[in-house]
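Each remark here refers to the structure printed beneath this line.
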Amino acid sequence: MTPGGFDAIVLAGGRASRLSGAQKPLLEVGGTALLTRTIAAARSAGAERIIVAAERMLDDPGVQWVREDPPFGGPVAAIIAALPRVEAEWTLVLACDLPGVDQALALLPLDAPNQDGAHLTDASGRSQWLTALYRTAALRDAAASVPDSGRDAPVRALVSGLRLVAVEAPLAATRDVDTWEDLEWARRLSDAPGEDVTVSESKTPSEGSDRTLPPEALDEWANALGERFELANDDVHVSLILDLARDVANGVARPAAPVSAFVAGLVAGRAGGSPESVREAVRAITELAEKWAEKR
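Here the sequence shown stands for residues 936 to 1231, numbered as in the numbering used here.
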């Protein structure tokens, strides 16, 4: 328990694009919805308040609900929207799609003296910024420096300046549910906790599939692109481009997705390259993809 106590921010408002738009927080593992499992784990760990960043989807009087404006602005925008509700000295941040959340919280230090917080890393060393405890004051200071209220910002843009303790955790504590294969894996593990999981079933960077790449890895890649080409953090709109790719793949064809993303960049650059010009280009291409689907 942290000396000043902690509140929990649970992130549950994503689009679940790789789950065909299903309400991921309500998918069940072991007979319990992922969001319910996450809320219960935060309570058991000692959270004084629980703020869920999503539209209301459960009848739980002990939960506060907030939504970033506009919706689907990404995890940083959701955290920034929820922060005004936090009153404790520490803030626990959890994504709602972690079946092994109890194990994760058992490993996460709920006290980080002389630091700004602590977070888990997976076996490959990849930071799990959304399974983390942050000193609230430090998180607020960091949030104040993120432009556009965090919309489409990579998580690294929020936490890169914080002093954080990294704690390595096993696959069962860090693998989230991004795809139907992930959900099947989580359900099998829940039914048989002692069962070994083969490498082919796990999320490892070497697999090279978009199905195995978590948001944190996309943030790292976006950050690498930004450093290589001297781009600001808000110049790389990861969630926006992922949404565009999904909509074009569904409305036109999968190979049309990267072509459309490239065209969006060209159009936005021709219009000046501002965040608004990127959103406008994406909106126009999305509308075109919807009309294309209607004609077929």
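From the three backbone atoms N, C-alpha and C, an ideal C-beta is built for every residue, glycine too.
Quick caveat, the model's predicted, so the values are computed rather than measured.
Closest Cα partner of residue i within the set the options
i: ARG984; options: ARG991, VAL998, GLU1103; result: VAL998
i: GLN1038; options: ALA1073, LEU1093, PRO1105; result: PRO1105
i: ARG978; options: ALA1012, LEU1040, ALA957; result: LEU1040
i: GLY948; options: ASP942, LEU970, VAL1090; result: LEU970
i: GLU1022; options: LEU1118, ILE944, GLN1063, ASP994; result: ILE944
i: LEU1033; options: ARG1086, ASP1087, ASP1113; result: ASP1113
i: GLU1116; options: LEU1018, LEU1055, LEU962, ASP994; result: LEU962
i: LEU1043; options: ALA1012, VAL1094, ALA976, TRP1227; result: ALA976
i: LEU1068; options: ARG1205, PRO1019, LEU1027, SER1080; result: LEU1027
i: TRP1025; options: LEU1074, PRO1010, LEU993, ARG991; result: LEU1074
i: ARG1086; options: LEU1055, LEU1045, PRO1005, LEU1160; result: PRO1005
i: LYS1226; options: VAL1183, ALA1072, ASP1076; result: VAL1183
i: GLU1103; options: ALA1072, GLN1063, ALA1078, ALA1092; result: GLN1063
i: ARG991; options: LEU946, ILE1014, ILE1015, THR967; result: LEU946
i: ALA1016; options: THR1056, CYS1031, VAL1081, ILE1220; result: VAL1081
i: LEU912; options: VAL1194, VAL1011, ARG1205, ALA1092; result: A question about residue 912 goes unanswered here, because the residues of the chain that appear run from 936 up to 1231.
N- and C-terminal bounds of the beta strand (DSSP E) containing residue i
i: GLY1052; result: 1052-1056
i: LEU1040; result: Looking at the DSSP string, LEU1040 is not in any beta strand (DSSP E); the run it does join, the alpha helix (DSSP H), is 1036-1042.
i: VAL1028; result: 1025-1030
i: VAL1202; result: Taken as a continuous stretch (DSSP letters only), VAL1202 belongs to no beta strand (DSSP E), being part of the alpha helix (DSSP H) at 1191-1205.
i: ALA943; result: 941-946
i: VAL1021; result: It is not in any beta strand (DSSP E) - VAL1021 carries neither H nor E in the DSSP assignment.
i: GLN999; result: 998-1001
Residue i - containing alpha helix (DSSP H), residue span
i: GLU983; result: Premise fails: GLU983 is in no alpha helix (DSSP H) and is neither H nor E.
i: SER1174; result: 1173-1186
i: ARG950; result: Where ARG950 is concerned, there is no enclosing alpha helix (DSSP H), given that its DSSP letter is neither H nor E.
i: SER1212; result: 1210-1230
Euclidean distance between Cα positions of residue i and residue j
i: ARG1214; j: SER1174; result: 11 Å
i: VAL1198; j: HIS1172; result: 14 Å
i: GLY1035; j: ARG1110; result: 8 Å
i: SER1141; j: SER1059; result: For SER1141, the pLDDT reaches just 37, beneath the cut-off of 50, and the residue's location in the model is therefore unreliable, leaving the point undetermined.
i: ALA989; j: VAL1001; result: 6 Å
i: GLY1008; j: GLY965; result: 30 Å
i: SER1212; j: ARG1218; result: 10 Å
i: PRO996; j: PRO960; result: 18 Å
i: SER1084; j: ASN1185; result: 30 Å
i: PRO1190; j: ARG972; result: 37 Å
i: GLU1136; j: SER1125; result: Here GLU1136 scores only 42 on pLDDT, less than 50, and its place in the model should not be relied on; the value that follows carries that caveat. Going by the C-alpha atoms only, they are around 15 Å apart.
i: LEU1029; j: ALA1108; result: 12 Å
i: VAL987; j: ARG1122; result: 24 Å
i: ARG1163; j: TRP1156; result: 10 Å
i: LEU1179; j: ARG1070; result: 35 Å
i: ALA1196; j: GLY940; result: 44 Å
i: GLU1119; j: GLY1207; result: 45 Å
i: LEU1065; j: GLY981; result: 18 Å
i: LEU1018; j: ILE974; result: 17 Å
i: VAL1187; j: ARG1061; result: 34 Å
i: ASN1158; j: LEU993; result: 35 Å
i: THR1147; j: LEU954; result: Because the pLDDT of THR1147 is 45, which lies under 50, any placement of that residue in the model is unreliable, and the number read from its coordinates should be weighed accordingly. Approximately 13 Å, taken between the alpha carbons.
i: SER1095; j: ASP1046; result: 20 Å
i: GLU1222; j: ALA1216; result: 10 Å
i: ALA1203; j: ARG1181; result: 19 Å
Near the ligand ZN: residue i beta-carbon under 7 Å from a heavy atom
i: ALA1039; result: No copy of the ligand ZN occurs in the structure displayed, which carries no ligand at all.
Scan the region 1060-1138 and note each continuous beta strand (DSSP E) run of 3 residues or more that stays entirely inside, going in chain order.
1062-1070, 1099-1103
Would you call the region 1042-1053 and the region 1080-1100 in contact, with 3 or more CB pairs under 8 Å?
yes
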